[in-house]
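**Student:** Starting off with a structure, shown below.
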Amino acid sequence: MERRKSRRVYVGDVPIGGGAPISIQSMLNAKTTDVEGCIAQIQRLKAAGCDLIRLAVPDEASAEAFGEIVKRTGLPLIADVHYSYKLAHLALKNGAKKLRMNPGNMTDFSEIEALSKRLIDLDVPVRVGVNGGSLAPKYAGMNEVDALTESALECADVFEKYGMHNIVIAIKHSDTLINIAANRKLAAVCDYPLHIGVTEAGTLRTGLIKSAIGIGTLLMEGIGDTIRASLSADVVEEVYAASKILRTLGLRQGVDVVACPTCARTQIDVEGLASKIEEMTAHIKKPLRVSVLGCPLNGIGEGKDSDLGIAGGKDSSVLLDGGEILKTVKNEDLLAEFEELLNKKLANL
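My numbering puts the first residue of the sequence shown at 4, with every later residue one more than the last.
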């Protein structure tokens, strides 16, 4: 698919836009003042394949803690700031490599000139992030698609006025169709790199579907340079979801774990086993197809197109390599035997 042309910005050494690979983002839900809790979440997110991580900076204590987390992780972290330009400057002082501000709750643009100068001096980009639930009162009564687009561009124009060009824009709405329409409109009228996602998408049960449709539709049209699948779930699930969307569309290489829907013949825990393999392989960026199938009756044939596979039995299961039966192993040893086989396969790629 042909991607929309956009300018490029850098968050530390991670590029966004300008044809760069689409990056995956998530946001911590631990309080930023809980340094140890944040570092633990960051480590899990990185292991799952997250490229960019955002932290809330709602007060001065959080800004100071942000600096400690930056020092201890050495990662380019994003500061999410609302209401206060003072907090924006504190976050930059403490090592933020990208700043997110919401013009819906930072409606006084008189301080953007000083902030722009600081951002330019530090070579740090800003994300103008507009949410449907926090539009400024002046947009009340306006068509939401128009209001979202106008709010984002108005704020970006003020930054541009003061020489700040390293800008990312995000328009998000909890209504998937409004979200798609607003991003289409924005994409047609500017060259800013776009951060896309469906905000407040919900739990895993509903949020995955809304995110897949909302993000996937835009990506299929070439729109989007960095993504977040916002879920009411463990933050790592956001990364798994975003990764799966990108892999499904052929926009990122990795391990594709397919699993049968199970039936009365199933004799192993297909869901649990597939989930563990997804976690085991989340960091791998080489193209592999892995099948987890519930029985040897159909499973062996269904695994013919996979690089590696499992066809489960009651006490023992079959391991497949290149679609062919490699060996039969006891179920208690199945995951360990699979991991050994996986590592051998990766070493030969």
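We put the beta carbon where it would ideally sit given N, CA and C, even for glycine.
1) Less than 8 Å between the CB atoms is what I'm expecting for E240 and L207, so what's the real figure, rounded?
2) Can you tell me where the alpha helix (DSSP H) with H176 in it begins and where it stops?
3) Less than 8 Å between C-beta atoms, sequence neighbours within five positions excluded: which residues of the same chain meet that for K188?
4) Rounded to the nearest angstrom, what separates E223 and M4 at their Cα positions?
5) What number of angstroms, rounded off, separates the C-alpha of I27 from the C-alpha of I230?
6) Looking at the strands, I want to know which residues DSSP matches up with A82.
7) When you compare only the Cα positions, how much space is there between S214 and A23?
8) With distances taken Cα to Cα, identify the nearest neighbour of V321 among I25, S294 and A50.
9) Considering only their Cβ atoms, is the gap separating R75 from I42 smaller than 8 Å?
10) In terms of residue numbering, what span does the alpha helix (DSSP H) encompassing I287 cover?
11) Can you look up R130 in the DSSP assignment and give me helix, strand or coil?
12) With 16 as the cutoff for other CB atoms within 10 Å, does S119 come out buried or exposed?
13) Ignoring anything shorter than 3 residues or poking outside the region 265-336, list the beta strand (DSSP E) runs there in chain order.
14) Assuming A139 and P106 form a contact by the criterion Cβ under 8 Å, report the distance between their Cβ atoms to the nearest whole angstrom.
15) Can you look up H92 in the DSSP assignment and give me helix, strand or coil?
16) With the cut-off set at 8 Å, would you say L234 and K289 are in Cβ contact?
17) For Q28, does the three-state DSSP call read helix, strand or coil?
18) When burial is assigned at 16 or more other CB atoms within 10 Å of the CB, is Q46 buried or exposed?
19) What are the residues that DSSP puts in a beta bridge with L3?
20) For a quick check, are the C-beta atoms of G219 and L197 less than 8 Å apart?
21) Based on Cα-Cα distance, which residue from C298, N346 and I181 lies nearest to G136?
22) Excluding the 5 residues flanking I303 on each side, which residues of the same chain have their C-beta closer than 6 Å to its C-beta?
23) Looking at the structure shown, is D259 part of a helix, part of a strand, or coil, going by DSSP?
24) Drop a sphere of 10 angstroms on the beta-carbon of H176, count the other beta-carbons inside from all chains shown, and report buried for 16 or more, exposed for fewer.
25) Where does I216 fall in DSSP's three states?
**Tutor:** Straight from the coordinates:
1) 6 Å
2) Premise fails: H176 is in no alpha helix (DSSP H) and is neither H nor E.
3) V148, D149 and T152
4) One detail in the question is off: residue 223 reads as Met in this sequence, not Glu. Looking at the two C-alpha atoms, the distance is approximately 7 Å.
5) 5 Å
6) L58 and L102
7) 22 Å
8) S294
9) yes
10) Counting along the chain, I287 falls outside any alpha helix (DSSP H), and DSSP gives it neither H nor E.
11) strand
12) buried
13) 291-296, 311-314, 319-324 and 327-333
14) 7 Å
15) helix
16) no
17) strand
18) exposed
19) The structure shown does not extend to residue 3, since the chain is modelled only from 4 to 352, so the question has no answer here.
20) no
21) I181
22) A314
23) strand
24) buried
25) helix
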